[in-house]
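Colleague: Sharing a structure with you now.
Put into structure tokens, the structure is as follows:
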């Protein structure tokens with residue numbers, strides 16, 4: 062029986078190894094197309110590739126599960142076979158430079174077979190199971206200092222592995238050098254630039270290509286990102302970023318994932334951590350496109366946080382949600398969302414529709430304005446680590462998906478997101494200038510969302526949040542829809558008897574029940590202002606800067622651009638940071 066189990070285990074391990082290699086090979090093919098898309102300015106193709114890569118892993122895992130079931134037959138639930146399959150898989154794949162990602166792939170297969178609640182170390186790989194870090198080759202190229210910063214940046218740009226020609230490389234190097242030299246002169250250590258250390262691969266996302274690295278100045282390291290854009294006249298250096306805050310936004314949790322060719326993701330994460338020491342490993346893996354392994358890393362970070370202290374899950378700050386029960390760990394900047402069993406009026410959505418909207422956001426261009434939500438199934442935490450009131454709420458309002466027994470809280474389905482400050486609380490608690498800036502960025506967020514075919518549906522401030530960098534983002538997807546699926550209408554003018562609204566000579570809309578037909582997809586932008594919850598000076602600030610958002614004409618104009626296939630530039634830096642502003 063032992064020999065038979067061993068043979069079955071080796072067969073299962075081989076099927077999973079083959080599935081993983083097939084996944085990685087196809088992932089690499091899709092990722093490698095990013096360079097050609099950028100060179101050809103094929104932005105629609107880049108979007109298709111992004112969606113294809115996002116869908117790839119689940120399809121391969123599903124196929125692999127079928128092959129493993131066929132291989133094991135009646136022994137598919139034999140835990141001893143799976144324990145030995147784990148050993149065989151590690152023996153076959155343990156020397157891979159991406160073994161941590163391979164282990165997560167193995168775990169995905171076992172969890173689909175067993176529907177494991179929590180983590181089962183006997184048949185799943187944990188972080189502690191990974192082989193000790195190898196001596197990886199450097200993930201970067203070094204460019205020693207030149208006579209001038211301009212000459213150094215020109216050399217870096219000339220070494221960029223992009224075939225398309227620069228519009229004016231010398232000009233870009235000169236403008237970027239002015240920015241960088243001014244920044245270095247303002248640093249308290251006054252250390253000069255010794256070298257630029259640049260990651261070997263180019264990071265592609267949307268319409269942008271990013272050269273990512275660091276500046277070495279004695280014992281000091283300064284992050285560096287050179288953001289390239291490809292316009293009709295050629296490639297141009299669009300921005301140079303050299304603060305941790307600006308580079309963190311490039312790698313932010315509201316952005317779509319990079320397409321970057323990697324053989325050693327762990328080594329690249331280690332390199333990026335020197336630039337962004339406050340970024341968790343889970344976020345860096347996710348940003349590199351290894352979102353499933355990023356999920357595994359995040360769960361590990363949560364469990365380590367629980368093990369290292371007495372922190373308890375408590376309700377998150379903000380208004381109580383009608384669709385989600387939302388809670389957090391005060392010492393960890395993550396929130397957790399569990400869908401309620403029933404939704405109180407006026408919510409008319411369903412559980413499936415809510416999940417479909419989260420799935421849509423996962424596959425959509427988040428444009429720096431939509432929080433990336435990691436979806437988990439069958440997690441378990443100690444019941445003693447939940448505040449009593451929260452535990453009671455989960456029992457009574459989320460009982461279909463939460464089971465509390467034997468000192469454990471088992472959650473069937475959960476979303477995890479980065480924690481931000483709800484916008485309604487932020488503007489209430491901040492000083493006037495800071496609140497005004499948030500309101501202005503709130504309008505910019507609505508514009509960016511619209512440009513990527515996203516209409517929030519519910520525009521209450523409580524559904525938006527403010528990041529630690531002061532950016533306004535949207536995180537409540539209960540009523541999210543596409544801009545192109547909405548029918549943006551104007552309110553009828555009083556006395557419009559012949560305008561097709563069905564009113565007589567004195568007809569008009571006074572804000573009560575409308576005297577005209579309103580379809581389920583109809584939106585009246587003029588009616589949005591009361592829902593924003595802005596009053597006094599903040600209301601005036603919004604109207605001065607973004608008043609056109611309250612007109613049907615503006616939204617219909619966006620619809621026309623989207624339907625014409627326009628892909629709007631939304632880069633992860635401010636307009637005033639673009640080097641073109643310094644050009645004559």
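Residue numbers (the numbering used here): 62 to 645. Think of the CB as a built atom: it goes at the ideal place given N, C-alpha and C, for glycine as much as any other residue.
Specify the secondary structure class of residue 487 as computed by DSSP and reduced to three states.
Modeller: In this structure, residue 487 counts as helix in the three-state DSSP scheme.
Colleague: Determine contact between the region 353-360 and the region 431-445, defined as no fewer than three beta-carbon pairs at a distance below 8 Å.
Modeller: Result yes; three or more Cβ-Cβ pairs closer than 8 Å.
Colleague: For residue 139, tell me which candidate among 183, 278, 334, 272 has the shortest Cα-Cα distance.
Modeller: Comparing Cα-Cα distances from residue 139 to each of 183, 278, 334, 272, the minimum goes to 183.
Colleague: Indicate the three-state DSSP secondary structure (helix, strand or coil) for residue 303 in the structure shown.
Modeller: The answer is coil: DSSP assigns residue 303 none of H, G, I, E or B.
Colleague: Would you mind reading off the limits of the beta strand (DSSP E) that contains residue 284?
Modeller: From DSSP, the beta strand (DSSP E) with residue 284 extends over 281-292.
Colleague: List the endpoints of the continuous alpha helix (DSSP H) containing residue 147.
Modeller: Counting along the chain, the alpha helix (DSSP H) containing residue 147 begins and ends at 140-154.
Colleague: Do the CB positions of residue 635 and residue 535 come within less than 8 Å of each other?
Modeller: Cβ atoms of residue 635 and residue 535: not closer than 8 Å.
Colleague: Applying the 10 Å Cβ sphere with the 16-neighbour rule, what's the burial state of residue 11?
Modeller: Limits of the chain in this structure are 62 at one end and 645 at the other, which puts residue 11 out of reach.
Colleague: For residue 80, which of 162, 110, 274 has the nearest alpha-carbon?
Modeller: Considering only alpha carbons, the answer is 162.
Colleague: Just curious, the alpha helix (DSSP H) that residue 326 is in, first and last residue?
Modeller: Its alpha helix (DSSP H) spans residues 326-336.
Colleague: Helix, strand or coil: how does DSSP classify residue 473 here?
Modeller: Correct three-state label for residue 473: strand.
Colleague: Specify the secondary structure class of residue 549 as computed by DSSP and reduced to three states.
Modeller: Residue 549 falls in the strand class under three-state DSSP.
Colleague: Between the Cα of residue 235 and the Cα atoms of 119, 299, 256, which residue gives the shortest distance?
Modeller: Minimum Cα distance to residue 235 is reached at 299.
Colleague: Does the Cβ-Cβ distance between residue 550 and residue 613 come in under 8 Å?
Modeller: Yes, the Cβ-Cβ distance between residue 550 and residue 613 is below 8 Å.
Colleague: Would you kindly report the start and end of the unbroken beta strand (DSSP E) that includes residue 394?
Modeller: Here the beta strand (DSSP E) through residue 394 covers 393-400.
Colleague: Round the Cβ separation of residue 137 and residue 174 to the nearest angstrom and send it over; I've been treating them as touching at under 8 Å.
Modeller: Indeed, because the Cβ distance is near 6 Å, the residues count as touching under 8 Å.
Colleague: Could you tell me the boundaries of the beta strand (DSSP E) in which residue 258 lies?
Modeller: It spans 256-260 - the beta strand (DSSP E) in which residue 258 sits, taken as one unbroken run.
Colleague: Quick one: Cα of residue 262 to Cα of residue 602, how far?
Modeller: Cα to Cα, the separation comes out at about 43 Å.
Colleague: How close, in whole Å, do the beta carbons of residue 485 and residue 594 come, if the pair is a contact with beta carbons under 8 Å?
Modeller: With a Cβ gap of about 6 Å, residue 485 and residue 594 count as contacting.
Colleague: DSSP three-state label for residue 592, please.
Modeller: Correct three-state label for residue 592: helix.
Colleague: Do the region 412-420 and the region 334-354 make contact, defined as three or more Cβ pairs closer than 8 Å?
Modeller: Judged by Cβ distances under 8 Å, the region 412-420 makes no contact with the region 334-354, as fewer than three pairs qualify.
Colleague: So the alpha helix (DSSP H) residue 244 belongs to, where does it begin and stop?
Modeller: Unbroken alpha helix (DSSP H) run through residue 244: 230-246.
Colleague: Any heavy atom of the ligand FAD closer than 7 Å to the Cβ of residue 106?
Modeller: You won't find the ligand FAD in this model; it holds no ligand whatsoever.
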